[in-house]
Structures are given as structure tokens and as C-alpha cells.
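Below: one structure, written as C-alpha cells.
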Amino acid sequence: MAADVPHRKGEIRAVLYTVSEDGGDAIKLRRDATILGREKGDVLISDHEVSSSHCQIQNINGVYHIFDMNSTNGTFVNKTKIVKARLSHGDEIAIGKTTFKFALEEDAKVRHINTIFKTNQNPDPAKGSLVDTLIEDEVRKKQSYSLKLAIKYADGAAETVELPQKQVYLGRATSFGRFESDVEISRKHVLIKLNDHGEVFVEDQGSTNGTYLNGSKIRGMHPLKANDTVRLGTIEVRVTVKIG
Numbered sequence: 098m099a100a101d102v103p104h105r106k107g108e109i110r111a112v113l114y115t116v117s118e119d120g121g122d123a124i125k126l127r128r129d130a131t132i133l134g135r136e137k138g139d140v141l142i143s144d145h146e147v148s149s150s151h152c153q154i155q156n157i158n159g160v161y162h163i164f165d166m167n168s169t170n171g172t173f174v175n176k177t178k179i180v181k182a183r184l185s186h187g188d189e190i191a192i193g194k195t196t197f198k199f200a201l202e203e204d205a206k207v208r209h210i211n212t213i214f215k216t217n218q219n220p221d222p223a224k225g226s227l228v229d230t231l232i233e234d235e236v237r238k239k240q241s242y243s244l245k246l247a248i249k250y251a252d253g254a255a256e257t258v259e260l261p262q263k264q265v266y267l268g269r270a271t272s273f274g275r276f277e278s279d280v281e282i283s284r285k286h287v288l289i290k291l292n293d294h295g296e297v298f299v300e301d302q303g304s305t306n307g308t309y310l311n312g313s314k315i316r317g318m319h320p321l322k323a324n325d326t327v328r329l330g331t332i333e334v335r336v337t338v339k340i341g
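Number 310 in the numbering used here belongs to position 213 of the sequence shown; there are no gaps in the numbering.
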């Protein structure tokens with residue numbers, strides 16, 4: 098059972114501490130979302146048991162959640178395999194051979210901790226400095242992003258929908274499009290989410306018939322790249338980001 102968060106003053110930042118005999122290292126999480134993986138992400142782990150993009154830790158209204166990104170060997174919180182879970186101060190996160198302890202710390206006390214991390218590699222100091230600068234500046238100056246969905250139906254019809262919000266649930270309960278006419282689609286089928294850096298993610302919402310990314314059925318949260326196709330039922334959706 099995770100420990101309660103100790104009383105703290107000022108702004109709180111989430112930190113991961115590696116658990117090892119020599120005391121390990123520390124990585125300060127980004128303010129919105131941090132991706133852990135072997136090849137792609139903010140926390141890079143040189144371990145063949147870790148997937149290229151393995152999992153994501155996301156700050157949702159001040160509460161941190163972890164999402165497995167369809168990794169091969171799974172993501173574990175307190176030794177339990179998860180698809181998604183809420184994180185508490187003191188939780189242990191294991192991916193591959195690496196174990197992290199999740200902690201909530203006063204920002205003033207962890208400003209020296211870097212926001213990128215690579216095991217068995219030497220991080221590029223310039224890159225780390227740039228990431229830190231971007232994160233500290235994001236509160237003061239944010240780029241404006243919005244979602245644009247290109248929807249294609251089974252009968253060949255298509256439409257484009259622009260949305261002002263940063264996340265949208267697609268399903269038979271959606272107020273736009275023709276999702277309600279497809280019996281293969283659940284009422285709340287899939288979540289499309291845009292973060293403050295213009296990165297887009299997709300997550301199946303426990304739908305009856307599943308969500309497919311480029312033809313492969315997914316679980317957990319996945320990043321969306323340009324030209325990726327999300328299919329729910331017989332409907333295909335492509336997501337782009339509108340800036341400004």
C-alpha cells in the first residue's frame with residue numbers, strides 16, 4: 098500500500114527514483130506527460146525487455162496516472178501488472194529489469210533534477226537543458242493546439258471535424274459524425290487526447306469489439322503519428338493537430 102503524500106508547501110513535482118543497491122538516479126517528470134521506453138521517450142531504458150515506447154505517466158488535473166502502451170512484457174505497479182493505474186506517493190513501478198519509486202516532491206527541492214534520463218548512456222547535456230527550459234516556460238507561454246479529425250465511413254463518405262477541446266470520446270454517444278449508426282461501436286468506444294505539447298494519444302475505453310491502430314488491436318494508451326489510422330467498427334479516423 099502506497100504511503101500517504103507528506104504535507105508539502107508550494108508547487109509539487111513528480112519524481113522517479115531508480116531502485117538499486119547504489120542508491121540509483123532520479124528523473125523529474127514533465128508537467129503533463131512523460132513517456133518511458135527503450136528507444137522513444139523522455140526516460141530511455143537500455144533493456145531488451147523494455148518496448149520502444151513502453152508506458153506513459155500523465156498528470157491529469159493534478160493526479161498522476163500510468164498507462165501501459167501495449168508493451169510486450171507489461172508495466173507493473175507494486176508488482177501488479179496494469180493497463181492503467183492511478184499513482185500514489187511511494188508506489189513502485191517496474192518495467193523490464195528497472196524499478197522506479199514514484200514520489201511527489203516540492204518543486205523548489207528538485208529543480209536540480211534533470212527531465213531526461215538514459216540508462217547505460219550519456220545524455221546530451223544540451224538536450225537536457227532545452228527540455229528543462231521548455232518545461233519551465235510552458236506555464237508562462239503555451240502554444241495553442243486543437244484536434245482535427247478526418248472521418249471515413251464504410252460507404253465511402255467522409256467528413257472533417259475540427260474540435261476546440263483537447264480530448265474527445267468517440268462512440269455511439271458522440272454528438273457529431275455517424276458513429277451511432279454502427280452497431281459494432283460501443284457508446285464510449287475510444288479516447289483521443291491532445292497534450293500541451295501537441296502530442297496526440299489514443300486509448301480504447303473497454304469497447305466490446307476493440308479499437309485498431311493501423312490494423313492492430315490495441316490496449317492501453319498509444320501515441321498517434323501523422324497518417325496513423327484509428328478504426329472503430331467500420332469507421333476509420335485520422336487525427337491531425339491544428340496550431341493556433
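Think of the CB as a built atom: it goes at the ideal place given N, C-alpha and C, for glycine as much as any other residue.
What you are looking at is a predicted structure, and each value in this text was computed from that prediction instead of being measured.
- Taking the Cα positions, Gln-264 is about 13 Å away from Asn-158.
- Looking at the DSSP output, Ser-272 sits in no beta bridge, so it has no partner there.
- Spatial neighbours of Val-116 in its own chain (CB-CB distance under 6 Å, excluding positions within 5 residues in sequence) are listed in chain order as Thr-196 and Lys-198.
- Here Val-336 is bridged, per DSSP, to Leu-246.
- Counting along the chain, Glu-189 sits inside the beta strand (DSSP E) bounded by residues 189-192.
- Residue range 195-203 is occupied by the beta strand (DSSP E) that includes Glu-202.
- For Val-299, the enclosing beta strand (DSSP E) begins and ends at 297-301.
- In the three-state scheme derived from DSSP, where H, G and I count as helix and E and B as strand, Lys-125 is classed as strand.
- Asp-144 and Asn-170 have their C-alpha atoms spaced approximately 11 Å apart.
- Per the coordinates, the alpha-carbon of Arg-316 lies some 9 Å from the alpha-carbon of Tyr-309.
- DSSP, read as helix, strand or coil, puts Lys-206 in helix.
- Under the DSSP assignment, Ile-109 falls in the beta strand (DSSP E) whose first and last residues are 109-115.
- Counting C-beta atoms within 10 angstroms of its own C-beta, His-319 has 16 or more neighbours from the protein chains shown and is therefore classed as buried.
- A Cβ-Cβ separation of about 5 Å places Val-112 in contact with Ala-200 under the 8 Å criterion.
- For Ile-132, the uninterrupted beta strand (DSSP E) run begins and ends at 130-134, by DSSP.
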